[in-house]
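Everything on this sheet refers to the single structure shown next.
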Amino acid sequence: MSFNAVRSAPDRVRLRAVLVSTFDKTGLADFARGIAAACPGVRFYSTGGTYDALAPILGESLVAVSDYTGQPEMKGGLVKTLDWRIYLGLLAEPGDADHAADLERHGAVAFDMVVANLYPFAAAASDPASGPEDLRQRIDIGGPAMIRAAAKNFLRVASVSSPSQYGAVLRELRANGGSTALASRRRWAAESFALTSRFDQAVAERLGRLSEAELAAAYGQEG
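Residues in the sequence shown are numbered consecutively from 213, following this note's numbering.
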């Protein structure tokens with residue numbers, strides 16, 4: 213297998229399409245308003261409860277991910293963003309003619325920013341009352357996948373993975389005509405990988421401590 217080598221990447225990338233899917237919605241409404249004000253014409257793509265929270269704020273500039281992909285969400289929200297067109301739009305690299313052709317052929321949106329955070333696994337892991345099923349349900353799949361894809365392609369995509377970053381992101385957008393800088397995207401990418409690393413480590417450690425007795429009690433297994 214050979215890897216594509218990108219030799220040139222833009223410094224400034226103007227926001228035109230933002231993918232939003234968050235569990236923690238702290239500050240999200242104001243953040244979305246700020247992005248919309250700093251980036252005229254930007255469109256947002258969102259899922260489930262995040263879509264419901266943003267719809268009254270963003271109106272026609274908000275698109276449901278299920279409408280974009282043509283695939284309904286799996287019951288319980290288990291599958292919302294794990295879709296070819298989503299990841300084509302996240303991983304298509306700047307200046308790659310084949311990637312550009314793929315985007316056009318599939319009618320895919322090239323996302324310039326992902327705003328996502330993760331299920332509260334650490335809170336469940338630290339709660340003595342949490343059983344195996346409480347833990348299992350809080351293992352996030354789509355969130356880490358989106359965050360990692362955006363972070364990998366920091367050459368073009370900004371990965372915003374915590375409400376604590378919203379203020380800095382908005383300041384950059386306002387100061388630079390609705391665009392992000394390569395150095396900032398690299399920094400946010402590093403922070404995103406640190407987040408997903410901590411999440412996976414917490415999952416590995418807590419599942420590793422589950423006993424056979426706990427599993428039997430949770431899932432009705434007989435000895």
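Ideal Cβ placement from N, Cα and C applies to all residues, glycine included. Note that the structure is predicted; figures quoted are calculated from it, not measured.
- The C-alpha of residue 222 lies about 26 Å from the C-alpha of residue 245.
- A check of alpha carbon separations from residue 355 across 419, 428, 312 and 409 identifies 409 as the nearest.
- With fewer than three CB-CB distances shorter than 8 Å, the stretch 380-393 does not count as touching the stretch 333-343.
- Nearest neighbour of residue 414 by Cα position, chosen from 347, 258 and 229, turns out to be 347.
- If you look at residue 256, you'll find it in the beta strand (DSSP E) that goes 255-258.
- Residue 303 is positioned such that its CB atom lies closer than 8 Å to that of residue 361.
- By the criterion of a C-beta distance shorter than 7 Å, residue 322 is surrounded in its chain by 229, 301, 304 and 315, once the five residues flanking it on both sides are discounted.
- In this structure, 252 is the residue among 238, 241 and 252 with its C-alpha nearest to the C-alpha of residue 389.
- The three-state reading of DSSP puts residue 320 in coil, since its state is none of H, G, I, E or B.
- Judged by DSSP secondary structure, residue 371 falls within the beta strand (DSSP E) whose first and last residues are 370-372.
- For residue 430, the enclosing alpha helix (DSSP H) stretches over residues 424-431.
- Using a C-beta cut-off of 8 Å, the stretch 253-271 makes no contact with the stretch 393-413, since fewer than three inter-stretch Cβ pairs fall below that distance.
- Nearest Cα to residue 220 within the set 247, 227 and 306: 306.
- A Cβ-Cβ distance of about 12 Å is found for the pair residue 398 and residue 225, leaving them out of contact under the 8 Å criterion.
- Counted as a single uninterrupted DSSP element, the alpha helix (DSSP H) harbouring residue 240 occupies residues 240-250.
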